[in-house]
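The opening residue of the sequence shown carries number 151 in my numbering; numbering runs sequentially from there.
By construction, the Cβ of each residue, glycine as well, lies at the ideal position given by its N, Cα and C atoms.
Quick caveat: nothing in here was measured; it's all calculated off a predicted structure.
See below for the structure under consideration.
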Amino acid sequence: MYAQNMLHHKIAQAQPRYWLLICIILIALGVLGISYVQEQLPKQGNVEILPEPVLKVPETQEGEVADAVEDESITLLFGGDLQFDRHIRQQSSFLGGYQGVFDEPLKELFLASDGVIANLEGPITEFDSVSVGSVVGSTNNYLFTFSPQVAPVLKQLNFVAVNLGNNHILNFGPEGLLQTQQFLNEAGVAYWGNTGGETWLEDSFLELSIKKKKFLFVNFNEFLWSDEDELVEELHTRVQAGEFDYVVVYTHWGVEYQKQASERYQGLARRLVSAGADIVIGSHPHVIQQSETVAGAPIYYSLGNFVFDQYFEPAVRNGLLLEVNFEGSIITTKEIPIYLEGTGKTILLEQN
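Here it is in C-alpha coordinates:
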(Lines of atoms letter the chains of each structure in order from A; the text may use other names.)
(Lines give C-alpha, C1' and ligand atoms only; values in the text may rest on other atoms or scores of the structure.)
Protein backbone atom coordinates (compact mmCIF):
# COMPACT_ATOMS: atom_id res chain seq x y z
CA MET A 151 0.00 0.00 0.00
CA TYR A 152 2.85 2.27 0.86
CA ALA A 153 4.53 1.53 -2.52
CA GLN A 154 1.33 2.28 -4.43
CA ASN A 155 0.93 5.61 -2.68
CA MET A 156 4.51 6.49 -3.45
CA LEU A 157 3.93 5.80 -7.20
CA HIS A 158 0.88 8.02 -7.27
CA HIS A 159 2.84 10.70 -5.48
CA LYS A 160 5.69 10.55 -7.99
CA ILE A 161 3.35 10.73 -10.95
CA ALA A 162 1.56 13.67 -9.43
CA GLN A 163 4.87 15.41 -8.86
CA ALA A 164 6.18 14.67 -12.43
CA GLN A 165 7.15 17.55 -14.63
CA PRO A 166 4.79 18.47 -17.58
CA ARG A 167 7.42 17.35 -20.11
CA TYR A 168 7.20 13.82 -18.83
CA TRP A 169 3.43 13.82 -19.39
CA LEU A 170 3.93 14.95 -22.98
CA LEU A 171 6.45 12.19 -23.58
CA ILE A 172 4.09 9.61 -22.17
CA CYS A 173 1.22 10.81 -24.48
CA ILE A 174 3.42 10.58 -27.57
CA ILE A 175 4.46 7.05 -26.67
CA LEU A 176 0.85 5.98 -26.13
CA ILE A 177 -0.30 7.47 -29.50
CA ALA A 178 2.54 5.73 -31.38
CA LEU A 179 1.64 2.40 -29.80
CA GLY A 180 -1.99 2.91 -30.81
CA VAL A 181 -1.12 3.62 -34.47
CA LEU A 182 1.10 0.55 -34.66
CA GLY A 183 -1.66 -1.60 -33.23
CA ILE A 184 -4.23 -0.40 -35.77
CA SER A 185 -1.82 -0.99 -38.69
CA TYR A 186 -1.18 -4.51 -37.48
CA VAL A 187 -4.89 -5.32 -37.31
CA GLN A 188 -5.51 -3.94 -40.85
CA GLU A 189 -2.68 -6.05 -42.24
CA GLN A 190 -4.32 -9.16 -40.83
CA LEU A 191 -7.72 -8.46 -42.40
CA PRO A 192 -8.46 -10.27 -45.76
CA LYS A 193 -8.62 -8.18 -48.93
CA GLN A 194 -11.94 -8.33 -50.82
CA GLY A 195 -11.71 -10.74 -53.78
CA ASN A 196 -7.93 -10.79 -53.52
CA VAL A 197 -7.97 -7.33 -55.08
CA GLU A 198 -6.94 -4.33 -53.08
CA ILE A 199 -9.81 -1.88 -52.85
CA LEU A 200 -8.82 1.50 -54.19
CA PRO A 201 -10.69 4.76 -53.93
CA GLU A 202 -13.20 5.21 -56.77
CA PRO A 203 -11.75 7.45 -59.48
CA VAL A 204 -13.34 10.74 -60.32
CA LEU A 205 -14.66 10.48 -63.92
CA LYS A 206 -14.15 13.48 -66.16
CA VAL A 207 -16.88 13.88 -68.80
CA PRO A 208 -15.75 15.59 -72.02
CA GLU A 209 -17.57 18.73 -72.99
CA THR A 210 -18.44 20.12 -76.38
CA GLN A 211 -17.29 23.55 -77.48
CA GLU A 212 -20.66 24.86 -76.38
CA GLY A 213 -20.13 23.48 -72.88
CA GLU A 214 -22.73 20.71 -73.24
CA VAL A 215 -21.99 17.14 -72.21
CA ALA A 216 -20.80 15.21 -75.27
CA ASP A 217 -22.31 11.81 -76.00
CA ALA A 218 -20.00 8.96 -76.92
CA VAL A 219 -21.32 8.17 -80.41
CA GLU A 220 -20.05 5.16 -82.28
CA ASP A 221 -19.82 5.08 -86.07
CA GLU A 222 -23.33 4.61 -87.40
CA SER A 223 -24.03 2.55 -90.47
CA ILE A 224 -25.39 4.41 -93.53
CA THR A 225 -27.03 2.56 -96.42
CA LEU A 226 -27.51 4.28 -99.77
CA LEU A 227 -29.03 2.83 -102.93
CA PHE A 228 -27.55 3.84 -106.29
CA GLY A 229 -29.32 3.33 -109.60
CA GLY A 230 -28.62 4.04 -113.25
CA ASP A 231 -30.60 6.09 -115.79
CA LEU A 232 -34.07 7.49 -115.00
CA GLN A 233 -36.14 8.43 -118.08
CA PHE A 234 -39.79 9.38 -117.48
CA ASP A 235 -40.84 10.51 -120.99
CA ARG A 236 -42.11 8.65 -124.12
CA HIS A 237 -43.68 5.28 -123.23
CA ILE A 238 -43.10 5.77 -119.49
CA ARG A 239 -45.07 9.04 -119.49
CA GLN A 240 -47.95 7.38 -121.32
CA GLN A 241 -47.97 4.32 -119.08
CA SER A 242 -47.83 6.30 -115.84
CA SER A 243 -51.55 7.08 -116.10
CA PHE A 244 -52.30 3.34 -116.20
CA LEU A 245 -49.95 2.64 -113.32
CA GLY A 246 -51.57 5.09 -110.90
CA GLY A 247 -49.05 7.85 -111.43
CA TYR A 248 -45.26 7.91 -111.43
CA GLN A 249 -45.10 6.06 -108.11
CA GLY A 250 -46.57 3.11 -109.97
CA VAL A 251 -43.51 2.96 -112.21
CA PHE A 252 -41.78 1.12 -109.33
CA ASP A 253 -43.20 -2.10 -107.92
CA GLU A 254 -43.99 -2.42 -104.21
CA PRO A 255 -40.90 -4.43 -103.19
CA LEU A 256 -38.71 -1.76 -104.79
CA LYS A 257 -40.51 1.05 -103.00
CA GLU A 258 -40.11 -0.77 -99.70
CA LEU A 259 -36.39 -1.11 -100.42
CA PHE A 260 -36.13 2.62 -101.16
CA LEU A 261 -37.86 3.63 -97.94
CA ALA A 262 -35.80 1.23 -95.82
CA SER A 263 -32.56 2.85 -96.99
CA ASP A 264 -31.02 6.13 -95.90
CA GLY A 265 -31.49 7.50 -99.41
CA VAL A 266 -31.64 6.72 -103.14
CA ILE A 267 -29.38 8.37 -105.74
CA ALA A 268 -29.55 8.02 -109.52
CA ASN A 269 -29.06 9.81 -112.84
CA LEU A 270 -31.97 12.00 -113.97
CA GLU A 271 -31.71 11.51 -117.73
CA GLY A 272 -33.51 14.69 -118.78
CA PRO A 273 -35.10 17.90 -117.46
CA ILE A 274 -38.29 18.30 -115.43
CA THR A 275 -40.33 21.04 -117.09
CA GLU A 276 -43.80 22.34 -117.85
CA PHE A 277 -43.11 22.04 -121.58
CA ASP A 278 -45.17 19.58 -123.59
CA SER A 279 -43.45 16.35 -124.50
CA VAL A 280 -42.23 16.08 -128.07
CA SER A 281 -41.02 12.50 -127.72
CA VAL A 282 -44.43 10.95 -127.00
CA GLY A 283 -45.71 9.48 -130.26
CA SER A 284 -42.58 10.43 -132.19
CA VAL A 285 -41.01 8.16 -134.78
CA VAL A 286 -38.36 5.87 -133.34
CA GLY A 287 -34.97 7.17 -134.41
CA SER A 288 -36.20 10.68 -135.18
CA THR A 289 -34.74 13.77 -133.50
CA ASN A 290 -37.80 14.31 -131.32
CA ASN A 291 -37.61 10.73 -130.11
CA TYR A 292 -34.45 11.63 -128.20
CA LEU A 293 -35.63 14.94 -126.74
CA PHE A 294 -36.83 14.31 -123.20
CA THR A 295 -38.81 16.34 -120.70
CA PHE A 296 -40.40 14.95 -117.56
CA SER A 297 -43.63 16.00 -115.89
CA PRO A 298 -43.41 18.29 -112.81
CA GLN A 299 -45.18 15.44 -110.99
CA VAL A 300 -41.93 13.47 -111.07
CA ALA A 301 -40.08 15.67 -108.55
CA PRO A 302 -42.40 15.15 -105.54
CA VAL A 303 -42.63 11.43 -106.32
CA LEU A 304 -38.85 11.17 -106.13
CA LYS A 305 -38.98 12.84 -102.73
CA GLN A 306 -41.74 10.53 -101.50
CA LEU A 307 -39.69 7.51 -102.54
CA ASN A 308 -36.64 8.69 -100.56
CA PHE A 309 -34.48 9.97 -103.42
CA VAL A 310 -32.07 12.29 -101.63
CA ALA A 311 -30.11 13.47 -104.69
CA VAL A 312 -30.03 13.10 -108.46
CA ASN A 313 -27.21 13.60 -110.93
CA LEU A 314 -27.92 16.16 -113.67
CA GLY A 315 -24.57 15.81 -115.42
CA ASN A 316 -25.61 13.88 -118.52
CA ASN A 317 -26.21 14.22 -122.26
CA HIS A 318 -29.99 14.90 -122.04
CA ILE A 319 -30.24 17.51 -119.28
CA LEU A 320 -30.18 20.38 -121.81
CA ASN A 321 -32.76 18.85 -124.19
CA PHE A 322 -34.98 21.87 -123.50
CA GLY A 323 -32.17 24.37 -123.18
CA PRO A 324 -31.22 26.63 -120.26
CA GLU A 325 -34.89 27.22 -119.43
CA GLY A 326 -35.44 23.49 -119.10
CA LEU A 327 -32.48 23.24 -116.75
CA LEU A 328 -33.71 26.17 -114.66
CA GLN A 329 -37.17 24.64 -114.31
CA THR A 330 -35.60 21.32 -113.32
CA GLN A 331 -33.66 22.96 -110.53
CA GLN A 332 -36.74 24.85 -109.35
CA PHE A 333 -38.93 21.74 -109.22
CA LEU A 334 -36.26 19.74 -107.40
CA ASN A 335 -35.73 22.57 -104.92
CA GLU A 336 -39.46 22.73 -104.21
CA ALA A 337 -39.58 18.98 -103.69
CA GLY A 338 -36.51 18.97 -101.44
CA VAL A 339 -34.36 16.73 -103.65
CA ALA A 340 -30.68 17.70 -103.93
CA TYR A 341 -28.89 17.71 -107.30
CA TRP A 342 -25.46 18.15 -108.77
CA GLY A 343 -23.51 17.59 -111.98
CA ASN A 344 -21.77 19.31 -114.85
CA THR A 345 -24.49 20.92 -116.98
CA GLY A 346 -22.14 23.09 -119.00
CA GLY A 347 -21.25 26.74 -118.76
CA GLU A 348 -18.68 28.64 -116.75
CA THR A 349 -19.75 27.06 -113.45
CA TRP A 350 -19.29 23.48 -114.64
CA LEU A 351 -16.53 22.71 -112.12
CA GLU A 352 -18.40 23.97 -109.06
CA ASP A 353 -21.59 22.27 -110.29
CA SER A 354 -19.72 18.97 -110.46
CA PHE A 355 -19.54 18.80 -106.65
CA LEU A 356 -22.22 18.40 -104.00
CA GLU A 357 -21.65 18.39 -100.24
CA LEU A 358 -24.38 16.51 -98.43
CA SER A 359 -24.78 15.54 -94.77
CA ILE A 360 -26.42 12.15 -94.13
CA LYS A 361 -26.86 10.96 -90.54
CA LYS A 362 -24.21 13.46 -89.40
CA LYS A 363 -21.64 12.17 -91.89
CA LYS A 364 -20.32 14.48 -94.59
CA PHE A 365 -20.47 13.15 -98.14
CA LEU A 366 -18.85 14.69 -101.19
CA PHE A 367 -20.60 13.70 -104.43
CA VAL A 368 -18.67 14.29 -107.64
CA ASN A 369 -19.81 14.09 -111.26
CA PHE A 370 -17.80 13.50 -114.39
CA ASN A 371 -19.91 14.20 -117.48
CA GLU A 372 -18.22 13.15 -120.67
CA PHE A 373 -20.85 14.74 -122.91
CA LEU A 374 -20.60 18.38 -121.90
CA TRP A 375 -17.30 20.20 -122.06
CA SER A 376 -15.06 19.83 -119.05
CA ASP A 377 -11.38 19.60 -118.28
CA GLU A 378 -10.67 16.12 -116.99
CA ASP A 379 -7.38 17.15 -115.40
CA GLU A 380 -8.95 20.14 -113.70
CA LEU A 381 -11.74 17.98 -112.27
CA VAL A 382 -9.30 15.41 -110.86
CA GLU A 383 -7.13 18.17 -109.40
CA GLU A 384 -10.12 19.86 -107.74
CA LEU A 385 -11.24 16.52 -106.32
CA HIS A 386 -7.78 15.93 -104.87
CA THR A 387 -7.70 19.43 -103.35
CA ARG A 388 -11.06 18.99 -101.63
CA VAL A 389 -10.20 15.56 -100.30
CA GLN A 390 -6.88 16.79 -98.93
CA ALA A 391 -8.76 19.42 -96.94
CA GLY A 392 -10.05 16.52 -94.86
CA GLU A 393 -13.60 17.77 -94.46
CA PHE A 394 -15.44 14.70 -95.75
CA ASP A 395 -16.16 11.26 -94.36
CA TYR A 396 -16.94 9.72 -97.75
CA VAL A 397 -16.33 10.65 -101.39
CA VAL A 398 -18.64 9.24 -104.09
CA VAL A 399 -17.96 9.79 -107.80
CA TYR A 400 -20.94 9.33 -110.13
CA THR A 401 -20.02 9.44 -113.81
CA HIS A 402 -21.86 9.71 -117.10
CA TRP A 403 -19.49 8.13 -119.59
CA GLY A 404 -18.85 5.26 -121.94
CA VAL A 405 -20.30 3.80 -125.13
CA GLU A 406 -23.97 2.90 -125.36
CA TYR A 407 -24.76 -0.85 -125.29
CA GLN A 408 -21.09 -1.78 -124.91
CA LYS A 409 -20.89 -4.36 -122.12
CA GLN A 410 -17.26 -3.78 -121.26
CA ALA A 411 -15.79 -0.44 -120.27
CA SER A 412 -12.70 0.32 -122.31
CA GLU A 413 -9.19 1.03 -121.04
CA ARG A 414 -9.84 4.77 -121.29
CA TYR A 415 -12.55 4.62 -118.61
CA GLN A 416 -10.61 2.15 -116.51
CA GLY A 417 -7.70 4.58 -116.53
CA LEU A 418 -9.92 7.52 -115.56
CA ALA A 419 -11.51 5.50 -112.76
CA ARG A 420 -8.06 4.84 -111.35
CA ARG A 421 -7.20 8.53 -111.49
CA LEU A 422 -10.39 9.35 -109.58
CA VAL A 423 -9.55 6.78 -106.92
CA SER A 424 -6.02 8.12 -106.64
CA ALA A 425 -7.47 11.60 -106.16
CA GLY A 426 -9.54 10.38 -103.21
CA ALA A 427 -12.74 8.69 -104.43
CA ASP A 428 -14.02 5.99 -102.06
CA ILE A 429 -16.32 4.54 -104.73
CA VAL A 430 -16.96 5.20 -108.45
CA ILE A 431 -20.36 4.51 -110.06
CA GLY A 432 -21.14 4.94 -113.74
CA SER A 433 -24.16 5.48 -115.99
CA HIS A 434 -25.04 6.07 -119.68
CA PRO A 435 -24.26 2.78 -121.54
CA HIS A 436 -27.82 1.46 -120.75
CA VAL A 437 -26.34 -1.97 -119.99
CA ILE A 438 -24.54 -3.36 -116.98
CA GLN A 439 -20.77 -3.27 -117.32
CA GLN A 440 -17.99 -4.89 -115.31
CA SER A 441 -17.02 -3.97 -111.78
CA GLU A 442 -13.74 -4.17 -109.91
CA THR A 443 -11.96 -2.94 -106.79
CA VAL A 444 -8.94 -0.66 -107.04
CA ALA A 445 -6.96 0.29 -103.91
CA GLY A 446 -9.94 -0.73 -101.80
CA ALA A 447 -12.42 1.40 -103.77
CA PRO A 448 -15.31 -0.35 -105.60
CA ILE A 449 -15.78 0.69 -109.24
CA TYR A 450 -19.01 -0.03 -111.13
CA TYR A 451 -18.60 1.23 -114.68
CA SER A 452 -22.31 1.14 -115.52
CA LEU A 453 -25.43 0.11 -113.59
CA GLY A 454 -27.55 0.02 -116.76
CA ASN A 455 -31.13 1.29 -116.94
CA PHE A 456 -33.22 2.11 -113.89
CA VAL A 457 -36.40 3.47 -115.51
CA PHE A 458 -36.35 3.45 -119.31
CA ASP A 459 -38.49 2.34 -122.23
CA GLN A 460 -35.87 0.21 -123.94
CA TYR A 461 -36.96 -3.38 -124.43
CA PHE A 462 -35.21 -4.59 -127.57
CA GLU A 463 -32.83 -7.00 -125.83
CA PRO A 464 -32.36 -8.51 -122.35
CA ALA A 465 -29.23 -6.46 -121.69
CA VAL A 466 -31.14 -3.15 -121.68
CA ARG A 467 -34.02 -4.58 -119.65
CA ASN A 468 -31.80 -5.88 -116.85
CA GLY A 469 -30.45 -3.19 -114.59
CA LEU A 470 -28.64 -3.09 -111.31
CA LEU A 471 -29.24 -1.32 -108.04
CA LEU A 472 -26.20 -1.00 -105.86
CA GLU A 473 -26.70 -1.06 -102.11
CA VAL A 474 -23.70 0.62 -100.51
CA ASN A 475 -23.10 0.43 -96.78
CA PHE A 476 -20.84 3.02 -95.17
CA GLU A 477 -19.66 2.20 -91.66
CA GLY A 478 -16.53 3.75 -90.24
CA SER A 479 -13.74 3.22 -92.74
CA ILE A 480 -15.47 0.18 -94.27
CA ILE A 481 -17.53 0.39 -97.48
CA THR A 482 -19.37 -2.71 -98.64
CA THR A 483 -21.60 -3.23 -101.68
CA LYS A 484 -24.48 -5.51 -102.56
CA GLU A 485 -25.79 -5.95 -106.12
CA ILE A 486 -29.58 -5.96 -106.44
CA PRO A 487 -30.94 -6.97 -109.89
CA ILE A 488 -33.95 -5.17 -111.36
CA TYR A 489 -35.96 -5.70 -114.54
CA LEU A 490 -37.77 -3.28 -116.87
CA GLU A 491 -41.17 -4.61 -117.90
CA GLY A 492 -42.89 -3.58 -121.12
CA THR A 493 -45.68 -2.04 -119.04
CA GLY A 494 -43.28 0.73 -118.04
CA LYS A 495 -42.80 -0.70 -114.55
CA THR A 496 -39.43 -1.48 -113.01
CA ILE A 497 -39.53 -4.52 -110.74
CA LEU A 498 -37.22 -6.05 -108.15
CA LEU A 499 -36.00 -9.49 -109.22
CA GLU A 500 -35.95 -12.28 -106.69
CA GLN A 501 -32.52 -12.74 -105.17
CA ASN A 502 -30.95 -16.08 -104.41
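Reference residue i; option with closest CA among the options
i, options, result
"Ile481", "Asp235, Glu473 and Pro487", "Glu473"
"Glu325", "Gln241, Ala447, Arg236 and Glu276", "Glu276"
"Glu348", "Gln332, Leu374, Ser243 and Gln390", "Leu374"
"Gly469", "Asn321, Ser223 and Gly229", "Gly229"
"Asp379", "Gln331, Gly432, Glu393 and Leu422", "Leu422"
"Ile267", "Asn291, Thr387 and Leu304", "Leu304"
"Lys362", "Tyr450, Ser441 and Phe476", "Phe476"
"Phe322", "Phe296, Asp231, Asn313 and Leu334", "Phe296"
"Asn455", "Glu258, Ile486, Gly478 and Thr225", "Ile486"
"Pro298", "Val286, Val285, Val310 and Leu328", "Leu328"
"Thr225", "Arg420, Val310, Gln440 and Val444", "Val310"
"Ala411", "Leu334, Gln439, His386 and Ser376", "Gln439"
"Asp377", "Lys364, Val430, Asp395 and Gly346", "Gly346"
"Tyr415", "Ser441, Asp395, His386 and Gly426", "Ser441"
"Phe333", "Ile360, Val300 and Ser359", "Val300"
"Thr443", "Gly315, Thr483 and Ser279", "Thr483"
"Val132", "Phe294, Gly265, Val286 and Thr387", "Beyond the ends of the chain as shown, which are 151 and 502, falls residue 132; an answer cannot be given."
"Thr387", "Phe355, Tyr400 and Asn371", "Phe355"
"Gly265", "Thr493, Gly247, Asn308 and Leu499", "Asn308"
Bridge-paired residues (DSSP) for residue i
i, result
"Gly469", "Ile488"
"Ile238", "DSSP output for Ile238 lists no bridge partner at all."
"Thr493", "According to DSSP, which records beta bridges pairwise, Thr493 is partnered with nothing at all."
"Phe367", "Leu356 and Val398"
"Trp342", "Asn313"
"Thr429", "The amino acid at residue 429 is misidentified as Thr; the sequence shows Ile. Val398, per the DSSP bridge assignment."
Residue i versus residue j - alpha carbon distance
i, j, result
"Ala340", "Leu418", "26 angstroms"
"Glu384", "Leu351", "8 angstroms"
"His402", "Asp353", "14 angstroms"
"Phe252", "Leu490", "10 angstroms"
"Ala262", "Asn269", "20 angstroms"
"Tyr186", "Ser223", "Only weak support is given to the placement of Tyr186: the predicted model assigns it a pLDDT of 45, under 50, and the question is left unresolved by the model."
"Ser398", "Tyr461", "In the sequence as presented, Ser is not what sits at residue 398; that position holds Val. In a straight line, the C-alpha of Val398 is about 30 angstroms away from that of Tyr461."
"Gly283", "Gln331", "27 angstroms"
"Gly343", "Glu336", "18 angstroms"
"Leu366", "Arg467", "31 angstroms"
"Pro302", "Ser433", "23 angstroms"
"Asp428", "Pro448", "7 angstroms"
"Glu393", "Glu357", "10 angstroms"
"Ser479", "Phe234", "36 angstroms"
"Lys495", "Val457", "8 angstroms"
"Glu254", "Asp231", "20 angstroms"
"Ile274", "Glu413", "34 angstroms"
"Gly338", "Gly315", "19 angstroms"
"Asn511", "Thr289", "The structure shown does not extend to residue 511, since the chain is modelled only from 151 to 502, so the question has no answer here."
"Glu500", "Gly492", "18 angstroms"
"Phe260", "Asp278", "30 angstroms"
Assigned secondary structure, residue i (DSSP; H/G/I helix, E/B strand, else coil)
i, result
"His386", "helix"
"Ser223", "coil"
"Ser441", "strand"
"Gly229", "strand"
"Leu307", "coil"
"Ser424", "helix"
"Thr482", "strand"
"Leu328", "helix"
"Trp375", "coil"
"Gly283", "coil"
"Leu270", "strand"
"Pro448", "strand"
"Thr498", "With the sequence shown as reference, residue 498 is identified as Leu, and Thr is not the correct amino acid for it. Strand at Leu498."
"Asn455", "strand"
"Phe296", "strand"
"Val474", "strand"
"Phe252", "strand"
"Gln416", "helix"
"Ala301", "helix"
"Gly404", "coil"
"Glu336", "helix"
"Phe462", "coil"
"Gly323", "helix"
Cβ distance (whole Å) where residue i is taken to contact residue j below 8 angstroms
i, j, result
"Gly272", "Ile238", "Rounded, the Cβ-Cβ distance is 11 angstroms, inconsistent with contact."
"Val389", "Lys409", "The Cβ separation is near 31 angstroms, so there is no contact."
"Glu463", "Pro435", "Between Pro435 and Glu463 the Cβ distance is about 13 angstroms, and since that is not below 8 angstroms, they are no contact."
"Gln306", "Gln240", "No, Gln306 and Gln240 are not in contact; Cβ-Cβ is about 21 angstroms, not under 8 angstroms."
"Ile497", "Leu245", "Going by Cβ atoms, the distance from Ile497 to Leu245 rounds to 12 angstroms, so no, they are not a contact pair."
"Tyr451", "Gly404", "7 angstroms"
"Leu471", "Leu227", "6 angstroms"
"Asn313", "Asn369", "6 angstroms"
"Ala425", "Val382", "5 angstroms"
"Ile431", "Tyr396", "Going by Cβ atoms, the distance from Ile431 to Tyr396 rounds to 13 angstroms, so no, they are not a contact pair."
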